[in-house]
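Undergrad: The structure follows.
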Amino acid sequence: MLKRSFWAGLLMLAPSFALAQDLPQRGPYLSTVSQNSIIVNWRTVTMDSSVVRYGLTTGYGNEEKNVTLTTAHSLTLTSLLPDTVYHYRVLFQGKQTPDYTFRTGVTSDTPFKFCVYGDTRTQADSHLAVVNRMVTFDPYFVLHTGDLVANGSDESQWAVYFATICSSATSAQRFPFYYAIGNHEGESPLYYSYFYLPHNNPDSTESYYSFDYGNSHFVSLDVQKPYGPSSAQYQWLRKDLVNAYNKTFVFVFMHDHPYCAGGHNSNLGIRDTLCPLFETFKVDMVFSGHSHFYQRNGPINGVTYIMAAGGGAPLYTPAESSWTKYAEKTYHFVDFTVWADSLKFKMVRTDGSIRDSLIYQAQNKSPLLLGDPNSDGAINVADIIYLVSYLFKGGPLPLPISESGDANCDGKVNVADIVYLVAYLFKGGPKPVC
Ligand SMILES: [Fe+2]
378 MLKRSFWAGL LMLAPSFALA QDLPQRGPYL STVSQNSIIV NWRTVTMDSS VVRYGLTTGY
438 GNEEKNVTLT TAHSLTLTSL LPDTVYHYRV LFQGKQTPDY TFRTGVTSDT PFKFCVYGDT
498 RTQADSHLAV VNRMVTFDPY FVLHTGDLVA NGSDESQWAV YFATICSSAT SAQRFPFYYA
558 IGNHEGESPL YYSYFYLPHN NPDSTESYYS FDYGNSHFVS LDVQKPYGPS SAQYQWLRKD
618 LVNAYNKTFV FVFMHDHPYC AGGHNSNLGI RDTLCPLFET FKVDMVFSGH SHFYQRNGPI
678 NGVTYIMAAG GGAPLYTPAE SSWTKYAEKT YHFVDFTVWA DSLKFKMVRT DGSIRDSLIY
738 QAQNKSPLLL GDPNSDGAIN VADIIYLVSY LFKGGPLPLP ISESGDANCD GKVNVADIVY
798 LVAYLFKGGP KPVC
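Each residue of the sequence shown is one higher than the one before, counting from 378 in my numbering.
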């Protein structure tokens, strides 16, 4: 095994020595990491095949390749080891990039780090100052709260954006960015062509999605698109939050904000529509952009709202509300370290000074099992009896939240759930699932 790896590595290395080191037109930049995979992307000026060499050392030993000629390159590396640092480089147009590293996703019992920032448009020098400081905190991935560029249809602005996040400080080459689309992207096709984000929703769109990382769940929403109760996004979100309920931490990020003092102020449509879902399903924190400052609001009905919008756009002056805990007009990002039952977050200015640093404890919540309204941890006849009692005899509401009785996951607790449970328990019907 050792011998084979050695010779395989040598064979991989041999042609690399002959290649000049250079950078492609954009990137390389990473997307969508899991415990066993990651996506490597780059752009070239002229048509080219796609080649990535990767491995546990700079000997690489593995190669992913697509011979189809393109200028928009994206390769998914698979069968990787969890929580492992890999070396990689891209081969393009007879040249090769420098060596870079990435880290695969951690398992649910392993601490991890991530950063949040947003509104990077307009002032590249301010954006670069934030990025240069952020890389020194070595995040495993980054959440971007939207408005990457001022005009999402202007290719020259994307050139500046990628030059900034792929600067010599090696940020996007080293850790993936996850985005919440902003109003300045304007649903531009360029946004969707550049990024390779999750699309785990019925519309298979990258504009809203979710992913697990470690012990946590992350949800990105597109509040430029319909999000009312009858919308596909709302229905998907409710089911997603049901399924994520038992995660230690649940984070949501989106561009606009339901609680904000100053700037664009609070979006009351989001507050009235989405905040009840966040509260019911015990979302821990909601990150937003759009109002260009840092502001921590709440917890409001259990949910903490953080404005992380000082990524480079011209700053606004924050105001204060009764629910505002800290606010500051400054370029910044927010650094998170997540442990088994707590996390620490801190707002970091571009000079490295830290403000608003706090330890946050995981919420104490009873496990949610669909179809288990009596909350005894099993789905059985006692749950049917419980639902009959609740619906017809004035019995207690299903606990810990009414969704535990919503066996068919349609958002209501009614006779259909009894029918669903009878089918599951006695007729081989499907298990309650969202
Ligand atoms: Fe915005």
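By construction, the Cβ of each residue, glycine as well, lies at the ideal position given by its N, Cα and C atoms.
Which residues does DSSP pair with ASP718 in a beta bridge?
TA: Your numbering for residue 718 matches position 341 in the sequence shown. Answer is none; ASP718 lacks a bridge partner.
Undergrad: Could you check the C-alpha separation between LEU458 and SER719 for me, to the nearest Å?
TA: If you number the sequence shown from 1, residue 458 lands on position 81. If you number the sequence shown from 1, residue 719 lands on position 342. Roughly 26 angstroms separates the two Cα atoms.
Undergrad: How many angstroms separate the CA atom of GLY386 from the CA atom of VAL507?
TA: On the sequence shown, position 9 is the one that residue 386 refers to. On the sequence shown, position 130 is the one that residue 507 refers to. Unreliable placement is indicated for GLY386, whose pLDDT of 45 sits below 50; the coordinate value is still reported in the next sentence. Rounded to the nearest angstrom, the two C-alpha atoms are 38 angstroms apart.
Undergrad: Evaluate the contact criterion for the region 665-676 versus the region 485-492: three or more CB pairs, one atom per stretch, below 8 angstroms.
TA: No: fewer than three Cβ pairs fall under 8 angstroms.
Undergrad: For TYR573, which of helix, strand or coil comes out of DSSP?
TA: Here residue 573 corresponds to residue number 196 of the sequence shown, with the count starting at 1. Looking at TYR573 - three-state DSSP - the assignment turns out to be coil, as it is neither helix nor strand.
Undergrad: So SER665 and HIS632 are supposed to be a Cβ contact under 8 angstroms. How far apart are they, rounded?
TA: Your numbering for residue 665 matches position 288 in the sequence shown. Your numbering for residue 632 matches position 255 in the sequence shown. At roughly 7 angstroms, the Cβ-Cβ gap stays under 8 angstroms, so SER665 and HIS632 are in contact.
Undergrad: Within 10 angstroms of its Cβ, does ASP425 collect 16 or more other Cβ (buried), or is it exposed?
TA: One-based indexing of the sequence shown puts residue 425 at position 48. It is buried - the Cβ of ASP425 has at least 16 other Cβ atoms within 10 Å.
Undergrad: Would you report the Cα separation of LEU745 and TYR556, rounded to the nearest angstrom?
TA: As a first step, residue 745 is located in the sequence shown; it is residue number 368 there, counting from the start. As a first step, residue 556 is located in the sequence shown; it is residue number 179 there, counting from the start. Computed Cα separation, rounded: 29 angstroms.
Undergrad: Compute every distance between the C-beta of ASN855 and the non-hydrogen atoms of ligand 1, then say whether any falls below 7 angstroms.
TA: This structure leaves residue 855 out entirely; the chain is present only between 378 and 811.
Undergrad: Would you say the region 518-528 touches the region 491-506, given that touching needs at least three Cβ pairs under 8 angstroms?
TA: These segments touch.
Undergrad: Taking the C-alpha atoms as reference points, what is the distance between VAL417 and TYR763?
TA: As a first step, residue 417 must be located in the sequence shown, where it is residue number 40. As a first step, residue 763 must be located in the sequence shown, where it is residue number 386. Distance between the alpha carbons of VAL417 and TYR763 is about 51 angstroms.
Undergrad: Quick one: residues in its chain with C-beta nearer than 6 angstroms to the C-beta of ALA690, no 5 flanking neighbours on either side, listed in chain order?
TA: Reading the sequence shown from its first residue, position 313 is the one you call residue 690. If we look at ALA690 and ignore the five residues flanking it on each side, its Cβ neighbours are ASP496, ARG498, THR499, HIS669.
Undergrad: State yes or no: is the C-beta of GLY687 nearer than 7 angstroms to some heavy atom of ligand 1?
TA: Numbered from its first residue, the sequence shown carries residue 687 at position 310. No.
Undergrad: Would you mind sorting ARG480 into buried or exposed? The rule is 16 or more other CB atoms within 10 Å of its CB.
TA: Indexing the sequence shown from 1 puts residue 480 at position 103. It counts as buried.
Undergrad: So LYS616 is in the alpha helix (DSSP H); what residue range does that whole segment cover?
TA: For this step, residue 616 is matched to residue 239 along the sequence shown. 609-621 is the extent of the alpha helix (DSSP H) around LYS616.
Undergrad: What's the gap between the Cα of GLY529 and the Cα of PRO807?
TA: Reading the sequence shown from its first residue, position 152 is the one you call residue 529. Reading the sequence shown from its first residue, position 430 is the one you call residue 807. Roughly 44 angstroms separates the two Cα atoms.
Undergrad: So, helix, strand or coil for SER779, using DSSP?
TA: The sequence position of residue 779 within the sequence shown is 402, counting from 1. Here SER779 sits in helix by DSSP.
Undergrad: With respect to the alpha helix (DSSP H) encompassing PHE803, which residues constitute its N-terminal and C-terminal limits?
TA: In the sequence shown, the residue the question calls residue 803 occupies position 426. Looking at the DSSP string, the run of the alpha helix (DSSP H) that includes PHE803 is 792-803.
Undergrad: Spell out a yes or no on whether the region 430-446 and the region 610-626 are touching, meaning 3 or more CB-CB pairs, one atom from each, closer than 8 angstroms.
TA: Short answer: they don't touch.
Undergrad: What residues in its chain sit with their C-beta under 6 angstroms from that of ALA501, if we drop five residues either side in the sequence?
TA: As a working mapping, residue 501 is identified with position 124 in the sequence shown. Counting only Cβ-Cβ distances below 6 angstroms, and skipping sequence neighbours, we find VAL537, THR541.
Undergrad: Who are the Cβ neighbours of LYS789 in its own chain at under 7 angstroms, not counting the five residues just before and after it?
TA: The residue given as residue 789 occupies position 412 in the sequence shown. Counting only Cβ-Cβ distances below 7 angstroms, and skipping sequence neighbours, we find ASP783.
Undergrad: Thinking C-alpha only, which one of VAL765, ALA638, LYS721 is nearest TYR703?
TA: As a working note, residue 703 is residue 326 in the sequence shown. Closest by alpha carbon: ALA638.
Undergrad: Whose CB is closer than 7 angstroms to a heavy atom of ligand 1? List the residues in chain order.
TA: Spelled out in chain order, the answer is ASP496, GLY523, ASP524, GLY559, ASN560, HIS561, HIS632, GLY666, HIS667.
Undergrad: Starting from THR478, trace the beta strand (DSSP E) both ways and give me its first and last residue.
TA: As a position in the sequence shown, residue 478 is number 101, starting the count at 1. Note, THR478: beta strand (DSSP E), 477-480.
Undergrad: According to DSSP, is ASN644 helix, strand or coil?
TA: Working through the sequence shown from its first residue, we reach residue 644 at position 267. In the structure shown, ASN644 sits in coil (DSSP, three-state: anything other than H, G, I, E or B).
Undergrad: What residues are listed by DSSP as bridge partners for ASP589?
TA: Within the sequence shown, residue 589 is the residue found at index 212, counting from 1. Paired residues: HIS594.
Undergrad: Count the CB pairs spanning the region 760-776 and the region 731-742 that are closer than 8 angstroms, and state whether there are at least three.
TA: As far as the Cβ criterion goes, the region 760-776 does not touch the region 731-742, which means the pair count is below three.
Undergrad: Considering only C-alpha positions, which residue in the set LEU454, PRO401, SER408 is nearest to LYS472?
TA: Position 95 of the sequence shown, counted from the start, is the residue given in the question as residue 472. For the residues LEU454, PRO401, SER408, the minimum Cα distance to LYS472 belongs to PRO401.
Undergrad: Helix, strand or coil for SER699, going by three-state DSSP, please let me know.
TA: Taking the sequence shown and counting its residues from 1, one reaches residue 699 at position 322. Coil at SER699, not helix or strand.
Undergrad: By the three-class DSSP mapping on this structure, what secondary structure does SER393 have?
TA: Here residue 393 is taken as the residue at index 16 of the sequence shown, counted from 1. With a pLDDT of 46 at SER393, under the threshold of 50, the predicted position of this residue should be treated as unreliable, though the coordinate-derived value follows. In the structure shown, SER393 sits in a helix (DSSP, three-state: H, G or I).
Undergrad: List the residues that DSSP assigns as beta-bridge partners of GLN500.
TA: Here residue 500 is taken as the residue at index 123 of the sequence shown, counted from 1. In the DSSP output, where bridge partners are listed per residue, GLN500 has none listed.
Undergrad: Applying the criterion that 16 or more other CB atoms from any shown protein chain within 10 Å of the CB defines a buried residue, is ALA391 buried or exposed?
TA: By 1-based counting over the sequence shown, the position of residue 391 is 14. For ALA391, the predicted model reports a pLDDT of 46, less than 50, meaning its position is unreliable and no value from the coordinates is stated.
Undergrad: With 16 other CB atoms within 10 Å as the buried threshold, where does ILE761 fall?
TA: Start at 1 with the first residue of the sequence shown, and residue 761 comes out as number 384. Buried, since its Cβ has 16 or more Cβ neighbours within 10 Å.
Undergrad: Give a yes or no on contact between the region 576-586 and the region 596-603, applying the rule of three or more CB pairs nearer than 8 angstroms.
TA: Yes: the two stretches touch, three or more of their Cβ pairs being nearer than 8 angstroms.
Undergrad: Looking only at DSSP bridge pairs, what is ASP712 linked to?
TA: Numbered from 1 along the sequence shown, position 335 holds the residue referred to as residue 712. Looking at the DSSP assignment, ASP712 forms a beta bridge with CYS492, LYS723.
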